[in-house]
Structures are given as structure tokens and as C-alpha cells.
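Accompanying notes for the structure given below.
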Amino acid sequence: MKLTADKQKLKVCINTSWCKACGICIEFCPKKALGRDADDKAFWEHPDQCIRCGICAERCPDLAIELIKEE
Ligand code: SF4
Ligand code: SF4
1163 MKLTADKQKL KVCINTSWCK ACGICIEFCP KKALGRDADD KAFWEHPDQC
1213 IRCGICAERC PDLAIELIKE E
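Numbering (the working numbering), first residue to last: 1163 to 1233.
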């Protein structure tokens, strides 16, 4: 799937201070773009697979994920 230029500028940012490693975002990501770091917290492992849908941010109960526009 080809992303629009606008979407390509979005980065999935995960606040590791707020992440409690529940794994919900990882389960709901339709593209399996998220992984777990050494502390079991979520991280954006495969940006190339990510379609910037925002589901991870919507599902995180701790509001630890944001899609931020990179200029
Ligand atoms: S849903 Fe939120 S709290 Fe749970 S692993 Fe993902 S970023 Fe962390
Ligand atoms: S924006 Fe969508 S595709 Fe990208 S990591 Fe989040 S849920 Fe997965």
C-alpha cells in the first residue's frame, strides 16, 4: 500500500514512561508494525509496514501513543 506524502510524514511516537507494556496496541495493529523492547514496552519496530491508521493510539488505554507530524 502506497502512503500519501502527508501520511509518510507521520511518526508513531510511544511515551515509554506511560506505557505499561499491556500489548493492546501490538495486538490491534493491522500491519504488525509494533514490537516489544527489552522492557516489554511497545515500540515502532517496522515503520515500513505501518499505514499510519492511528488504531494503536486510539486503543492505548494509557494515551501513550501519538502520531506526530515530522516536518
Ligand atoms: S497499548 Fe499503550 S500501554 Fe499498552 S503496550 Fe501499547 S503503548 Fe504500552
Ligand atoms: S498507525 Fe496503524 S499500522 Fe501504524 S503502528 Fe499504529 S496501528 Fe499499526
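Even for Gly, the Cβ is constructed at its ideal location relative to N, Cα and C.
When you compare each of the options to residue i by their alpha carbons, which one comes out closest?
i	options	result
Glu1207	Ile1188, Ala1219, Asp1224, Ile1230	Ile1188
Cys1181	Arg1198, Phe1190, Leu1172, Leu1165	Arg1198
Lys1193	Asp1202, Ala1183, Gln1211, Thr1178	Gln1211
Ala1183	Leu1172, Leu1196, Lys1173	Leu1196
Say yes only if the C-beta of residue i is nearer than 7 Å to one or more non-hydrogen atoms of ligand 2, and no if none qualify.
i	result
Cys1181	no
Ile1213	yes
Lys1173	no
Specify, as a first and last residue, the run of the beta strand (DSSP E) that residue i falls within.
i	result
Arg1198	1196 to 1198
Cys1175	1172 to 1176
Less than 8 Å between the beta carbons of residue i and residue j, yes or no?
i	j	result
Phe1205	Ile1176	yes
From which residue to which residue does the alpha helix (DSSP H) around residue i run?
i	result
Glu1189	1186 to 1190
Glu1228	From DSSP, Glu1228 is part of no alpha helix (DSSP H) but of the beta strand (DSSP E) over 1227 to 1231.
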